[in-house]
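Chains A and B are the protein sequences, given in the same order.
Remember, the working numbering sits 215 above the position in the first sequence when you count from 1.
One point on numbering: in the working numbering, the residue at position 714 of the second sequence is 694, and numbering is uninterrupted.
The beta-carbon is built from N, C-alpha and C at its ideal position, and this holds for glycine as well.
All figures in this text were calculated on a predicted structure; none of them were measured in a lab.
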Amino acid sequence: MNLNKVNDKEKLEICRKYYLAGFAFLPFLWLVNFFWFYKHAFKRNEFPEQTQMKTYIIRSGIGCLVWLIILVIWNVLFQTFRVDWDSVGDHLTFILPSGRP
Amino acid sequence: MNTFFFFLSVLVRTIISDLNKERTYVNLLNTIPCIRRFNSSHQIGCGKLDYSSYEGIVYSVRDKAEFGRLEKLNKLDIPDLVVVTLPSYFAKIVQLHQHDSGNSRIQGIVLVSNLDYISNLTESDLNLSDDSTSPNSKFSLYSTNKTYGPSEWNPSGTNFMFQNFNIPFYTIYDLNEIEKVIDECYDKFNQHIFDKYTSNSFSIKSSESLCGMQLGLRMTGAVSSTVCTRRSNIMHTLESSSFCDPLGGSNYFTFLSQRPSNDLPITILSARLDAFSLYEYFTPAANEPISSLIGLFGITELLAKQRSQMNYSSILVVLFDNEAFDYGGSSRFASDLVREKFPEIKLSFGQDQEESFVLKKNNITSIIELGQLGAIGFEQNENLYIHRDPISYAKEPNVAKTIKQLTDKLTKYSSNIKPIENINQQLPTSSIHSFLRNNILIGGISLADFNKEFNSKFYHGVFDTPENMNVTFPDDLSEDEAVNFTTKFAEKLQGLTTSIAQTIFSLHNPTQTELSEQVSLSTLNRLVYCFYKNTTCKYFQDMMTTSQWKSYLTLLEANLPKGKLSFYTGVDDNPISGKWLSSMLLRYFSRNLDLESLSEDDCSKDSEKVRKYERENHISIRNFYYVKNSTCVASSIFLTSSVSPAFDQFEKGVLVETDKFPAWTESSWNGVDVQMKIFMFTRPSIAGLTLSLGIVTLVLAFVLTFLADKFAHRIFYPKDAEQNEIFD
């Protein structure tokens, strides 16, 4: 989709849909939303939908960041303690390590 | 068209890269690795975790000076080494590596195990038993009761089998391959460089090229049987992966009476079927278990002839598999009996309708096990010793009574079979442990050539060869002569096994009939020759059908150098040559002699002659085949799993009762990951030249691409188009 061919109202609608869909454990949508509409929300001349769009974009950004922090922490915890967690660790592992604990 | 060129280029590349690989590496054949195994809590074997191949400069240790130099080299900052050693130095090199573990330059050890390559070796030069000094002690009757001694049956044990090494060990047996490594690789390229070593320094000049070795050893299992069993049963993707497999195959048994029966007292005659060494499949096993198997087959043949007189008791001949790894096979046998889960046997008695028979523990009164018998091959050793468990002997009157009865009879029939001197001595490594541990309180004796410790210094080792039992054949004999050549071992074995057969025969027989024959010396001679000298002898061939013989030859060639039998325990779906052969011999020697002269057409379960015989004698025979020496082999061999009961819920990913039953597994691996290769290390000067040329080529390629791009309109612009443009 070429955003340049879409009017601002529709842009806001798309931004809102992405923002709401992100709550379905889809932080990547928030990330896309943030980068896609960032220019329109913050770098363009004012237009009526801009304030609402800014809110969605900032919230998407924060949501995405929170997810990122959670994922990094989980990743570090999982990599560090997978072996200690024994059976739980193995069941949480998607591709089981070959020849390693 | 483009696709065609693409495939063509891929094809050409594949061909060229294969050629390069072949030019670079020489794959060595018939090399035997030390692999990774697990019990319920530990990992043993060779190789680092998640490490696939090990490389180093080949260094050979053949004498004291070379070993001394290795000790010094190992402390220096030099490139990694792969040490190829003669047996005399193997243990020392392992210890050297373990001592310097963190800084050791040794990346792999290769043992030369063909004694034909090594001359003038004495027994003390050979590395000894790979087992521990107290084999199977964790699952013995005395694991928690230290009152009874001694327990160190195997003083030569190095315990290498049960350690975890962070480098690979391999053994090479094939003379061609040994020559490739030592003569063509080490002597030709490396020796003169190592000879320049002075006590101060060692360096390799950039102009010197060295021969190296790559040892592949990538195992997929890790940690313990508990972990890898669980992982083998977790399936997140569609692709299932196996990390380890339980050790064990089948226990074989047959009744030496007219019919299987729970109505008569049952005496078990047993021997072990398996062995191990540090190297997978490589089990010469001359003393343990072949010597006992030869004795057992001799007795079986003799008693099978008395089948019609066995009216007072049943004799059950059992070959216990998976005993080397903490009595897995006998544990399964005993626990099935206790839990009344013993597999049902179908019997037809010549009728269309089948009856079922399940072996029960109540009627089993005694077990006579044949242990190591090899030492009787020596002039000074004449005796077998009667070993038994002192705990049940003291506590259980029935057990004591049976053991006394057996002992009295054995000592009556042979002055060379003697009770042990110390009445409180432990029962040595024996399948009887499993019966008593499972509370099947029967009188069990183990007959072996030793009193207080093993005579064999090579128990579960790579040098458990017939030469160590004094079994040798004169060189000038033809095959026909050699097969009838009587060794000291066979000669003494005949007398001893006849006494054992006589004891078993008269045990429950009120008429005390004496056997009219002895165990056949000719059979023992043939078995000794075929097991120890020529595993593809005509005698074995005559006992099998053409297709059975083909299967046997295939198994013989499967994992080891030509003609070498393996008695390794193995995993369930993988037949092992020595064990398979033993099951065939048990079939042959326990055959029903009344039917052996049947013609080839009548040698079948469906033949009317057979059915009539079965009906009249009320017996049921299971297997029929007609072998090359025109004999109909009509016998009933049954098999039960020898996988430890700890794996009863393997499919669910859990182990059960691991304190009571052993849980040994073998790591799985991919064939291409376990290989031994030699290659030439690139000289540093050549490597530098190659790198420089590569960089120059890279820069040239960039420049050419840039120029081609810049002048593309001149180079690629079609002349026609140019002309058209002009005319347009």
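Inter-residue Cα distance where the pair is residue i and residue j
| i | j | result |
| --- | --- | --- |
| E401 (chain B) | N431 (chain B) | 8 Å |
| D708 (chain B) | D223 (chain A) | Caution applies to D708 (chain B), whose pLDDT of 46 falls short of 50 and renders its modelled position unreliable; the value that the coordinates give is listed next. So the two alpha carbons sit approximately 48 Å from each other. |
| K220 (chain A) | R231 (chain A) | 18 Å |
| L578 (chain B) | C612 (chain B) | 6 Å |
| T387 (chain B) | S346 (chain B) | 12 Å |
| I325 (chain B) | R239 (chain B) | 12 Å |
| I675 (chain B) | N146 (chain B) | 38 Å |
| R663 (chain B) | F256 (chain B) | 41 Å |
| S81 (chain B) | L504 (chain B) | 49 Å |
| Y697 (chain B) | V679 (chain B) | 26 Å |
| W251 (chain A) | L218 (chain A) | 9 Å |
| C191 (chain B) | D552 (chain B) | 40 Å |
| L244 (chain B) | L236 (chain B) | 12 Å |
| I366 (chain B) | G314 (chain A) | 45 Å |
Interface partners of residue i on chain A, CB under 9 Å
| i | result |
| --- | --- |
| L350 (chain B) | Neighbours of L350 (chain B) on chain A: none; closest Cβ ~40 Å, over 9 Å. |
| R17 (chain B) | Under the 9 Å cutoff, chain A gives no residues; its nearest Cβ is about 14 Å from R17 (chain B). |
| M199 (chain B) | S313 and G314 |
Environment of residue i [buried if 16+ CB atoms lie within 10 Å]
| i | result |
| --- | --- |
| W289 (chain A) | exposed |
| K690 (chain B) | exposed |
| R85 (chain B) | buried |
| R417 (chain B) | buried |
| N156 (chain B) | exposed |
| Y166 (chain B) | buried |
| Y150 (chain B) | buried |
| H216 (chain B) | exposed |
| F604 (chain B) | buried |
| R506 (chain B) | buried |
| M216 (chain A) | exposed |
| L377 (chain B) | Checking the sequence, you will find Pro at residue 377 (chain B) rather than Leu. Exposed, because fewer than 16 other Cβ atoms sit within 10 Å of the Cβ of P377 (chain B). |
| K185 (chain B) | exposed |
| Q482 (chain B) | buried |
| L255 (chain A) | It should be noted that the sequence gives His, not Leu, for residue 255 (chain A). Buried, by the Cβ-count rule. |
| P541 (chain B) | buried |
Proximal residues of chain A, C-beta to C-beta of residue i below 7 Å
| i | result |
| --- | --- |
| D225 (chain B) | Here the premise fails: no neighbours, minimum Cβ distance about 15 Å. |
| R239 (chain B) | In chain order: nothing, as chain A lies at least about 49 Å away. |
| A692 (chain B) | Ordered by position in chain A, no residue passes the 7 Å Cβ test against A692 (chain B), which lies about 32 Å from the chain. |
| R211 (chain B) | D305 and L311 |
Limits of the beta strand (DSSP E) - the one that residue i falls within
| i | result |
| --- | --- |
| S479 (chain B) | First-last for S479 (chain B): K468 to S486, but that is the alpha helix (DSSP H), not the beta strand (DSSP E). |
| A251 (chain B) | I246 to R252 |
| Y150 (chain B) | F149 to I152 |
| T234 (chain B) | S230 to F235 |
| F614 (chain B) | Correcting the residue identity first, residue 614 (chain B) is Ala in this sequence and not Phe. Here the beta strand (DSSP E) through A614 (chain B) covers T611 to S615. |
Opening and closing residue of the alpha helix (DSSP H) in which residue i lies
| i | result |
| --- | --- |
| R49 (chain B) | K44 to L53 |
| T670 (chain B) | P664 to K690 |
| C517 (chain B) | From DSSP, C517 (chain B) is part of no alpha helix (DSSP H); its letter is neither H nor E. |
| E596 (chain B) | E588 to N597 |
Neighbouring residues, chain A, relative to residue i (Cβ below 8 Å)
| i | result |
| --- | --- |
| V6 (chain B) | Ordered by position in chain A, no residue passes the 8 Å Cβ test against V6 (chain B), which lies about 26 Å from the chain. |
| K221 (chain B) | Note on identity: in this sequence residue 221 (chain B) is Ser, with Lys being the wrong assignment. Neighbours of S221 (chain B) on chain A, chain order: L311 and S313. |
Distance CB(residue i)-CB(residue j) smaller than 9 Å
| i | j | result |
| --- | --- | --- |
| V318 (chain B) | I422 (chain B) | no |
| Q405 (chain B) | P130 (chain B) | yes |
| L253 (chain B) | Y232 (chain B) | yes |
| S187 (chain B) | Y439 (chain B) | no |
| N343 (chain B) | N435 (chain B) | no |
| V62 (chain B) | V92 (chain B) | no |
| W649 (chain B) | S624 (chain B) | no |
| L195 (chain B) | P323 (chain B) | no |
| V38 (chain B) | V64 (chain B) | yes |
| S557 (chain B) | S546 (chain B) | yes |
| F511 (chain B) | I356 (chain B) | no |
Per-residue contacts from residue i into chain B (C-beta, under 8 Å)
| i | result |
| --- | --- |
| P316 (chain A) | L29, A202, V203 and V207 |
| F309 (chain A) | H216 and T217 |
Contacts that residue i makes with chain B (C-beta to C-beta distance below 7 Å)
| i | result |
| --- | --- |
| S275 (chain A) | Those do not exist, as S275 (chain A) stays about 31 Å from chain B at its closest Cβ, beyond 7 Å. |
- Message: By the 7 Å beta-carbon criterion, what residues does the segment 288 to 308 of chain A contribute toward chain E?
- Response: The chain inventory of the structure shown lacks chain E, comprising the protein chains A and B.
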